[in-house]
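This report concerns only the one structure given below.
2 protein chains.
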Amino acid sequence: MTDRKEFRDLASPEAAHEAIASLDLAPGTETVSLAEARGRVLAERLDAALDVPGFDRASVDGYAVRAHDTFGADEADPARLDLVGEVHAGVEPDVTVGDGEAAEISTGAVVPDGADAVVMVERTDTEGDEVLVRTSLAPGDRIMFAGADVAAGERALGPGTEITAREIGLLSALGVAEVPVRGRPTVGIVSTGDELVRPGETLDSDAGQIYDVNSYTVAAGVEAAGGEARLYPHAGDDRAEMERVLREAADECDLVLSSGSTSASAVDVIYRVIEERGDLLLHGVAVKPGKPMLVGTLGGSAYVGLPGYPVSALTIFRTFVAPAIRRAAGVPEPEGATVTGAMAVEERYAEGRLRYMPAGLVEDGDGNTLVYPVDKGSGATTSLVEADGVVAVPPDTEYLAKGETVEVQLFAPDVRAPTVFGVGEDDPALARLLDRVERPRYLGQGSRPGLRRVRDGVADVAVTSAPDDGRVETVELGAWTREWGLVVPSGNPDGVEGLGSLVDDDLRFVNRTTDSGLRTSLSNTLADLADERGVERRDLVEAIDGFDRAVRAHESPARRVLAGKADAGLGLRATADALDAGFVPVGTETVRVLAAPDRADKPGVRRLAAAVADGGDVFDALAGYGTDKA
Amino acid sequence: MTDRKEFRDLASPEAAHEAIASLDLAPGTETVSLAEARGRVLAERLDAALDVPGFDRASVDGYAVRAHDTFGADEADPARLDLVGEVHAGVEPDVTVGDGEAAEISTGAVVPDGADAVVMVERTDTEGDEVLVRTSLAPGDRIMFAGADVAAGERALGPGTEITAREIGLLSALGVAEVPVRGRPTVGIVSTGDELVRPGETLDSDAGQIYDVNSYTVAAGVEAAGGEARLYPHAGDDRAEMERVLREAADECDLVLSSGSTSASAVDVIYRVIEERGDLLLHGVAVKPGKPMLVGTLGGSAYVGLPGYPVSALTIFRTFVAPAIRRAAGVPEPEGATVTGAMAVEERYAEGRLRYMPAGLVEDGDGNTLVYPVDKGSGATTSLVEADGVVAVPPDTEYLAKGETVEVQLFAPDVRAPTVFGVGEDDPALARLLDRVERPRYLGQGSRPGLRRVRDGVADVAVTSAPDDGRVETVELGAWTREWGLVVPSGNPDGVEGLGSLVDDDLRFVNRTTDSGLRTSLSNTLADLADERGVERRDLVEAIDGFDRAVRAHESPARRVLAGKADAGLGLRATADALDAGFVPVGTETVRVLAAPDRADKPGVRRLAAAVADGGDVFDALAGYGTDKA
């Protein structure tokens, strides 16, 4: 291991912002076509190079005349002029208007030489070759003079202007087809984990491979901030190759990002490359998450090392890196990038450093925004999707009180609270019903967490299959039944007949986790079997090989059975059916959709209730489902 | 002319929304790569097809063990286990952990068969081939089980989900490389004016050609709303060709837009194509602007005809068409698409139909948003750039009071009030100084409109070259001088010597408009000359050919002279210099930057003052400029 520069004290968040601000990310100017200019930022001032309009232009359909010929004319006593020709829009006039003459002219046409006013057709009549003008005109009437809209030499747009539809309008009026815009900073994202595989490639789970989440998440953040992301996947567990990729990224990009690797060797390589080719500006920042953040230079490029946990990587990216990319690209922080809301629950905290708390949004029954901390316990990916943004909690804050107003820095502008937030059973019918609700959020964490989060004032809705114990006050929005039992290999090779077989035969069983309502149904049925047999329920449980081998979602036990890792798994008939597995029925349970009483009238909650009520087609399509309560 | 269906009554705005909503713009589903998925909308539900993680994963660096081997172990009395191997992240374990055994394991590695817990390295020691575990573990400790984060079969993302960084994260965790997204509605924009030319092409101003503004402006609006714009320029004044282009657009696009043409023949062609191949749903809506709006179908496509004035086209597009495109694309109305503010001035209105009033934003000295009507008189392109959005004024509103709160529907989300809003002289030094201020808005309408708009509480700053008459209370932020005179052809072929030559010789002169401070300086100097000669100023004015031939911006007279359309023009030495023209000096005038007293402390106003104070380089670079007051 190379010697590492020592950074004994963690840097302050301000120092980290300054270190990143000191890095030069700004790319040069590039030229894009007008059609590609929207959303870009003008690199330099554009003065008008021509007059708009470029000629004296008729503002109405009518006749081009000499104003002094009409002095004194009115309805009763029109001026009589000789019609000498006509002028159409887009055509050069082939007529000159002399004293006592008029030329027919259409809107937008060039006012012919000699004429100094246009009279609208409504104020005229014709008699043979004569035009009768029934009004008196002043010179310039109904003419838009050349340059009256935009004059050549005028300042049109300044540097730094973001190009939207209206700027496109001005540019096209000036005939500008190529627009000088600020370049997008190029951001290389170096993938550092030996175990990371690109989405779309085959995953070898037995070798502990996982798909690369951070590279793609951060790349999306880079693009949203106005940068151009380039992914540099690294080829296997080879330090020389890793070093080559880092150097290549540093050569090709304005900024290089990597996110925390589980492999110490990757960090060593990064250190070495920074020491040989750049400068380490800081290592470690007094924020949570992000303590291990690295900031430095790599050759002429900037380098920032992000934490490895996806929500943390996105948080540090959003807080420290995205503003620097936006500055370099000249893009302002978007409107709607923050929202304020009241804490839905109390959150204790006492670590003495600035914390970026991942937070979800939910609306109460009155449409007020509530903010709740997203539990890291849910798993990295689930937390990533549940978190709408982060709340910056100052180091000296001991707790955020329930109801306290906080500001959430959103992970993407335009993120909104879901219309309905449910927690509960993982259920295939529910998955389909949720498709009929706009912007729902649902966490399939099981019946108990569902009721708990409704009780805590976080979730709107709990979906439970456990009998209602009445401890949490709710309103039932709807319910259905599902047949459950044992999922076995196709053809039931072990001749499993029911729960008795689990107890009596030498079968490897896979259970669901204790939060699952299905497990409660299993336990209750086992208690009945124990009564029948005159033994303790505990005796039966101990006789089942794998009763404590618990997995989280409705298909998980079945998949273990199909993978040959178990002989029977707790599951639904619908799951066995969908996966072409065998099924031994045990019972039918009722799944209830329960709302917090003060959230029952939220539009999204009502839509979910309607989806359940109208869900006959969904229940019909799934084996073992029905709507007669068990 | 073909017979037209009669629509005697104007349709209500609601009917127009309904007619457009009745058109089917929705494109099919398409598949994009993960890298291109940001900002798109998921077309269908995605359930997880695999477990995340896909294996039982060590959460820390340490040792994989059997938990029951550690029961009762603590600091003082560690469990002693035989070290039997090691497991790295990304590599399949080649070891099995038996009773009394341990395997070294790194974070993220696969927990080897036999082990059911991981102890973190900090709670262990090694002695030779033995691992001393100084804590008691429960089964499952420090292991993230397969599917604990996301389980196969779980609902991952629902249809209609907008894909941001976090959804990219979830998709990559699931290994999804190709994402089914809603197609973007294809919107054909048919250019209909005979006189329209594409930006980048050569303009024949003598033939009354102008660049096509609406097609490009509306195209940018289409893209911003989530559609894909296609431009169909039409080739000249040929009805058959126009008809062919319309039919082609209808065949290729989900929606066809055209914007009001000045040529009646284009409207006739549109009518004929709609009648032959579609259906006219409504013609004319009781809104201002937009009365002539057409809604119909063309073959299988929808058709909407927009007004021709650019701000009106953008208004009708934003109000009626963009929501339909967003709906079809599945994109929600962006946050920040509206702002509220107080009317800066009173606005009278009594037309009895809904009016979309183009409005600009400005902030008062306290940072409150003010809203002012954008004057159509400024010219089509200038209005387009000045208008930040529109205020919907109900038909029964007779006036909007000064201070009344109104809601502005912005033309682009993230549009903000300029940091400083100035109106006044068109001046090349000012154009450069404004480059040093972020997001300024400046209208070069002349000294008088500048003072008037400061007095009205609309503009922050007036830039004048007329002597201060004290009628508007202001604070002077800075000033400079500029030399003015007569711009003549290079070499001064007519031997112009000064204003006297204009009076005495047969010269064609070009003046500036009456709002220009330069014209005031000219008039004052002519008055002096009249005194000298003992005549009336009016006599001199009448002797000048073209004294009333007035153009708007500082370069305009010079350009007329260079184009051979005049022999002398009112202008600046700097302009003559920049355009390589001749120059006959007449005088020096002072340009003053004056702020409304209650706006003088706005940050943008202070930045402008600083830019003037530090503008020495700008004044040095321009001929005839200085900072010693005249």
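Read top to bottom, the protein sequences are chains A and B. Residue numbers in the first sequence follow UniProt numbering, run continuously in steps of one, and reach 630 at the last position. Residue numbers in the second sequence follow UniProt numbering, run continuously in steps of one, and reach 630 at the last position. We put the CB at the ideal spot given by N, CA and C, even for glycine. A quick note: this is a predicted structure, and the numbers were derived from the prediction, not measured.
Own chain, CB closer than 8 Å to residue i, minus 5 neighbours either side, in chain order
{"i": "V213 (chain A)", "result": "P310, A380, T381, L384"}
{"i": "S447 (chain B)", "result": "G424, E425, A462, V463, T464, S465, A466, D515, S516, G517, T520"}
Burial state of residue i (16 or more Cβ within 10 Å)
{"i": "Y399 (chain B)", "result": "exposed"}
{"i": "E6 (chain B)", "result": "The predicted model places E6 (chain B) with a pLDDT of 48, which falls under 50 and marks its position as unreliable; any figure quoted below should be read in that light. E6 (chain B) comes out exposed."}
{"i": "I20 (chain A)", "result": "buried"}
{"i": "A611 (chain A)", "result": "buried"}
{"i": "D628 (chain A)", "result": "exposed"}
{"i": "R38 (chain B)", "result": "buried"}
Segment limits, beta strand (DSSP E) that includes residue i
{"i": "S490 (chain A)", "result": "It is not in any beta strand (DSSP E) - S490 (chain A) carries neither H nor E in the DSSP assignment."}
{"i": "I189 (chain B)", "result": "186 to 190"}
{"i": "N368 (chain B)", "result": "It is not in any beta strand (DSSP E) - N368 (chain B) carries neither H nor E in the DSSP assignment."}
{"i": "P440 (chain A)", "result": "440 to 443"}
{"i": "S12 (chain A)", "result": "Element bounds for S12 (chain A): n/a, residue is neither H nor E."}
{"i": "A205 (chain A)", "result": "Sequence inspection shows Ser at residue 205 (chain A); the Ala mentioned does not correspond to that position. Per DSSP, S205 (chain A) belongs to no beta strand (DSSP E) and is neither H nor E."}
{"i": "E228 (chain B)", "result": "228 to 232"}
{"i": "Y303 (chain A)", "result": "301 to 306"}
{"i": "V218 (chain B)", "result": "No beta strand (DSSP E) holds V218 (chain B); the alpha helix (DSSP H) holding it covers 214 to 224."}
{"i": "G571 (chain B)", "result": "568 to 572"}
{"i": "G200 (chain B)", "result": "Counting along the chain, G200 (chain B) falls outside any beta strand (DSSP E), and DSSP gives it neither H nor E."}
Cβ-based neighbour list, residue i, same chain, cut-off 7 Å, excluding 5 preceding and 5 following
{"i": "D251 (chain A)", "result": "G299"}
{"i": "A595 (chain A)", "result": "D460, V461, T474, V475, L477, V605"}
{"i": "R512 (chain A)", "result": "L518, R519, A550, V551, P557, L570"}
{"i": "M343 (chain B)", "result": "V371, L400, A401, K402, G403, E404, V406"}
Beta-carbon proximity list for residue i, same chain, < 6 Å, skipping 5 on both sides
{"i": "A563 (chain B)", "result": "none"}
{"i": "D51 (chain A)", "result": "A146, G147, A151, A152"}
{"i": "R432 (chain B)", "result": "V618"}
Extent of the continuous alpha helix (DSSP H) run through residue i
{"i": "V311 (chain B)", "result": "310 to 316"}
{"i": "L540 (chain A)", "result": "537 to 543"}
{"i": "S523 (chain A)", "result": "517 to 533"}
{"i": "R182 (chain B)", "result": "First-last for R182 (chain B): 178 to 182, but that is the beta strand (DSSP E), not the alpha helix (DSSP H)."}
{"i": "E248 (chain A)", "result": "239 to 252"}
{"i": "E127 (chain A)", "result": "Per DSSP, E127 (chain A) belongs to no alpha helix (DSSP H); it is in the beta strand (DSSP E), 124 to 127."}
{"i": "V52 (chain B)", "result": "Neither: V52 (chain B) is in no alpha helix (DSSP H) and is coded neither H nor E."}
{"i": "A621 (chain B)", "result": "616 to 621"}
Residue i - DSSP class collapsed to helix/strand/coil
{"i": "F421 (chain A)", "result": "strand"}
{"i": "F583 (chain B)", "result": "strand"}
{"i": "P413 (chain A)", "result": "coil"}
{"i": "G100 (chain A)", "result": "coil"}
{"i": "T590 (chain B)", "result": "strand"}
{"i": "L23 (chain A)", "result": "coil"}
{"i": "T405 (chain A)", "result": "strand"}
{"i": "G360 (chain B)", "result": "strand"}
{"i": "I325 (chain A)", "result": "helix"}
{"i": "Y372 (chain A)", "result": "strand"}
{"i": "M343 (chain A)", "result": "strand"}
{"i": "Y349 (chain B)", "result": "coil"}
{"i": "V121 (chain B)", "result": "helix"}
{"i": "D504 (chain A)", "result": "helix"}
Discussion item. Does the segment 357 to 368 of chain A come into contact with the segment 205 to 219 of chain A, if we say contact requires no fewer than three beta-carbon pairs (one atom in each stretch) closer than 8 Å?
Written reply: no
Discussion item. Quick test of the definition: if touching needs 3 or more C-beta pairs under 8 Å, does the segment 178 to 194 of chain B touch the segment 64 to 72 of chain A?
Written reply: no
Item to complete: Check whether the segment 574 to 585 of chain B touches the segment 391 to 406 of chain B, counting contact only when three or more Cβ pairs, one atom from each stretch, lie closer than 8 Å.
Response: No, the segment 574 to 585 of chain B is not in contact with the segment 391 to 406 of chain B.
Worksheet entry | Inter-stretch contact (C-beta, 8 Å, three-pair minimum) for the segment 161 to 170 of chain A and the segment 305 to 319 of chain B | yes
Worksheet item: With a cut-off of 8 Å, do at least 3 Cβ pairs link the segment 111 to 129 of chain B to the segment 138 to 151 of chain B?
Response: yes
Discussion item. Pairs of beta-carbons, one from the segment 409 to 416 of chain A and one from the segment 388 to 397 of chain A, closer than 8 Å: are there three or more?
Written reply: yes
Discussion item. Whether or not the segment 200 to 212 of chain A and the segment 90 to 103 of chain B are in contact is what I'm after, with contact meaning three or more pairs of Cβ atoms, one per stretch, closer than 8 Å; do they touch?
Written reply: Yes, since at least three Cβ pairs between the segment 90 to 103 of chain B and the segment 200 to 212 of chain A fall closer than 8 Å, the two stretches touch.
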